[in-house]
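Protein chains: 2
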Amino acid sequence: MGDQQVFRASTTAPVNIAVIKYWGKRDPKLNLPTNSSLSVTLAQSDLRTHTTASCSSSFSSPDSLILNGSPQDVSGARTQACFRELRQLRKQMEESDSKLPKLSQMPLRVVSENNFPTAAGLASSAAGFAALVRVIADLYQLSSTPTELSRIARQGSGSACRSLFGGYVAWEKGTEVDGSDSVAVEVAPVSHWPEMRALILVVSAEKKGVSSTSGMQATVATSTLFTERAERTVPKRMEEMKKAILDRDFDTFGKVTMRDSNSFHATCLDTDPPIFYMNDVSQAAVRMVEEINEAAGRVIAAYTFDAGPNAVIYYLAENEHAVVGLFKNVLGSKDGWAGSRGSAVKSNSEAKFNAKTAATLSEGVSRVILTAVGEGPISVDDHLIDADGNIIER
Amino acid sequence: MGDQQVFRASTTAPVNIAVIKYWGKRDPKLNLPTNSSLSVTLAQSDLRTHTTASCSSSFSSPDSLILNGSPQDVSGARTQACFRELRQLRKQMEESDSKLPKLSQMPLRVVSENNFPTAAGLASSAAGFAALVRVIADLYQLSSTPTELSRIARQGSGSACRSLFGGYVAWEKGTEVDGSDSVAVEVAPVSHWPEMRALILVVSAEKKGVSSTSGMQATVATSTLFTERAERTVPKRMEEMKKAILDRDFDTFGKVTMRDSNSFHATCLDTDPPIFYMNDVSQAAVRMVEEINEAAGRVIAAYTFDAGPNAVIYYLAENEHAVVGLFKNVLGSKDGWAGSRGSAVKSNSEAKFNAKTAATLSEGVSRVILTAVGEGPISVDDHLIDADGNIIER
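From first to last, the protein sequence lines stand for chains A and B.
For the first sequence, the positions run 1 to 394 when the UniProt record's numbering is used.
For the second sequence, the positions run 1 to 394 when the UniProt record's numbering is used.
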């Protein structure tokens, strides 16, 4: 023990799906966005990254990271920025209290696992960097708040900053050149509006052609419509969305969610060359949600699409049968209904829908994920690295 | 004869496909647009409307119009506006010269035929209203210029005003409340740049869900990005496009054509509810054009999409093998290659292309049309109504 001691901490961190989209950086190095964004954090029982960070003077340099069993390159600027900033905070603590072990000088060994199929095309980098930053902060016993840590996680992956909170989370773009005020803040905790649910339709697709990082920079550089979105459309929607959440007003929440998703994809299409993330299956999901809302006579379901064809459909628990029941009727044979959430839903076979839309969905959706609004990162005792610093094989 | 005489005139009129898109009306009744637009008139040997107008005091009221063998409703405000304005111009002539027969007081009998499949989803209303206005002007022996007639045709169908000219045609939005300066003008005649060709990929699709008329009004009412397009993006592109045409600069012509098509569809997607005209097949056509241009190392092909999934691909005659040859390699089994233009093209089997893109195209394209820049309306002696006023059965 002593100098050879292995220090460990473990956490799980959630995925978040934005309802006001982040698209465009004003500073690519610091991941400073051109507009604020707002997301719902999703339950970790369904989608989460589990990460253990350890350090020991017995570890050989350099720092290492293993994700889903595969060693990752940590030399990239983004991961290095996270390691450097967290070490710096630890170093300050160590300098003010000489009794503290010098963890900041020890190599880091980090192991991370996702509980969802990476092939699903779900943005896992948000959960990944949120877990990485949270777990190293825990390992270093930093007193930083989630908002303070969000400034660091943002440099790993922009949207990761929002995964440091549960519930409803805003990432305020900030105005400072150094990004010090570009941080995530809680709009409302899960408990404020716990009835929010999400149905994810995973669309079978090739690997996406354009990564978000290069795609959003192309949009900023070439779209003539983008500035209008970033400077006027989104600021207005951020206020509408915050109010809708505080008022638990699903009608406004849903309308703004759908319009902002479409606005984001419109700027992608206005990029040169154009970026298409939505395909015929995505369009069918839009149509199905429109049919559900038309039948209900109000907005009870709201679609949103990230940088890929998958649909995320938000709804309230009370409307589960009308929303998810219809999708179960059409997609009941797909993977994903076996869990407790999915098996609780009765197929809604009375609802009317367009047969062509249903056929396109059925052909193109490979699996469904049923989830809900959920908590932020959770510290756990279930370590992926043993007390001797060895990776635990599972 | 005498009062029983049947007066006749016949014309053919072309289709035009915009390279700067018309989308949005500032006055729906007068069809006054929110932005100027610019189009290429296509050859009538491939796509045209053939119309005969006749009038006689022996005809019974009201006016009648038969299109492709089916009687049409002419009581709509748009057709009525065209009839009324043309009659008014004739009436002025009759009042200043009492020897002229009183054609303005006689019922009109109009017969019209398209030489292209209406099921193809090609905007036929432009050719249709251009032919209607041109042929009645001929019947009435009006001295009005094409630009003066374009003010009338515009009230029938906005884009029809551009089909009164051949070659390269601008529709200047105008600023007058009465629409008197919202007219079409020639940018350059066919002879200025006769090498322009167009390949149309007709995509098998359901009937389009949203008509242009209601679609564009929804965009004006709900898209937050639309104003930027109409007020700043398009005016700049109109100047770039006119210069490109005058300079015979295909690189700029192609780039601006593609960007403006994407900008238009972006505002459709930003509409609430979103309007999708492009589908997976359209996206594959985009990708194929991108591959062609990449292989060439410059822009030799330019796609554009109207309010539907069909692709129109402009190119210069000198690049026919590189552009059309590749499509023939992929789509050689489809209808449309038998004509003189199509059979002259050798399939380009050496060119590389993405197999998935090609499969999507092959699955979704039902026929091709090969055409070129062409002349404006042509007066013809081939009448669809005989000297006694009877419709000639064919």
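Ideal Cβ placement from N, Cα and C applies to all residues, glycine included.
It should be emphasised that the depicted structure is a prediction, and the values quoted were computed from it without experimental measurement.
Query	Result
If distances are taken between C-alpha atoms only, which option among A/Val286, A/Ile152 and A/Phe276 comes closest to A/Val183?	A/Ile152
Using a Cβ cut-off of 7 Å, pull out every chain A residue sitting near B/Val286, in sequence order please.	Pro274
Where does the unbroken beta strand (DSSP E) through A/Pro14 begin, and where does it stop?	Phe7 to Pro14
Please state if the CB of B/Ala266 and the CB of B/Gly24 are separated by a distance shorter than 8 Å.	no
List the endpoints of the continuous beta strand (DSSP E) containing A/Gln72.	Ser70 to Gln72
Could you pull out every residue in the same chain whose Cβ sits closer than 6 Å to the Cβ of A/Met288, ignoring the five residues on either side in sequence?	Thr357
Among residues of its own chain, excluding the 5 on either side of A/Val281, which ones have a beta-carbon nearer than 7 Å to its beta-carbon?	Val203, Pro309, Thr360, Leu361, Gly364 and Val365
For B/His50, which beta-bridge partners are listed by DSSP?	B/Thr12 and B/Glu113
Report, in whole angstroms, the separation of the C-beta atoms of B/Leu164 and B/Gly325, which I expect to be a contact under 8 Å.	Actually they are not in contact, since the Cβ atoms of B/Leu164 and B/Gly325 sit about 34 Å apart, beyond 8 Å.
Taking the C-alpha atoms as reference points, what is the distance between B/Met1 and B/Phe59?	Per-residue confidence for B/Met1 stands at a pLDDT of 46, beneath the threshold of 50, marking its modelled position as unreliable; no derived number is given.
Cβ of B/Leu122 less than 8 Å from any chain A Cβ?	no
For the stretch 35-50 of chain B against the stretch 69-82 of chain B, do three or more pairs of beta-carbon atoms, one drawn from each stretch, fall closer than 8 Å, so that the two count as touching?	no
Note down, in chain order, each residue of its chain lying with its Cβ closer than 6 Å to the Cβ of A/Phe353, except the 5 sequence neighbours on either side.	Glu291
Helix, strand or coil for A/Met1? Go by DSSP, reduced to three states.	Residue confidence is low: A/Met1 scores 46 on pLDDT, short of 50, so the model does not pin down where it sits. No coordinate-derived value is stated.
Against chain C, with Cβ distances strictly below 8 Å, would B/Glu363 count as a contact?	In the structure shown, chain C cannot be found, because the protein chains are A and B.
Should A/Gln105 go down as buried or exposed, given a rule of 16 or more other Cβ atoms within 10 Å for buried?	exposed
Since A/Asp382 is in the beta strand (DSSP E), which residue starts that stretch and which ends it?	From DSSP, A/Asp382 is part of no beta strand (DSSP E); its letter is neither H nor E.
Spell out the partners DSSP gives B/Arg367 in its beta bridges.	B/Val202 and B/Asp335
Quick check on A/Glu228 - is its C-beta less than 8 Å from some C-beta in chain B?	yes
Along the chain, which unbroken stretches of the beta strand (DSSP E) at least 3 residues long are found entirely within the stretch 174-240 of chain B?	183-188 and 196-203
Count the other C-beta atoms from every protein chain shown that fall within 10 angstroms of the C-beta of B/Leu246, then say buried if there are 16 or more, exposed otherwise.	exposed
Look up B/Glu172 in the DSSP assignment and say whether it is helix, strand or coil.	strand
Which residue wins for smallest C-alpha separation from B/Cys268, given the options B/Cys55, B/Glu239, B/Ser212 and B/Val234?	B/Ser212
Helix, strand or coil for A/Asp27 per DSSP?	strand
For B/Leu269, return the contacting residues in chain A, with the cut-off set at a CB-CB distance below 7 Å.	Asn262, His265, Ala266 and Leu269
Helix, strand or coil: which one does DSSP assign to A/Pro146?	helix
Against chain B, with Cβ distances strictly below 8 Å, would A/Asp306 count as a contact?	no
B/Ala53 and B/Leu142: beta carbons closer than 8 Å?	no
Taking 8 Å as the CB-CB limit, is B/Thr257 close to chain A?	no
Is the Cβ-Cβ distance between A/Leu103 and A/Phe83 less than 8 Å?	no
For B/Lys29, count neighbouring Cβ atoms within 10 angstroms of its own Cβ and tell me buried if that reaches 16, exposed if not.	exposed
On the three-state DSSP scale, how would you describe B/Ile245?	helix
In whole angstroms, what is the alpha-carbon distance linking B/Val330 and A/Asn262?	33 Å
Which of helix, strand or coil does DSSP assign to A/Ser37?	strand
Report buried or exposed for A/Pro62, applying the criterion of at least 16 other Cβ atoms within 10 angstroms of its Cβ.	exposed
At a CB-CB cut-off below 7 Å, which residues of chain B make contact with A/Leu201?	Near A/Leu201 there are no residues of chain B at all, since even the closest Cβ is about 16 Å away, more than 7 Å.
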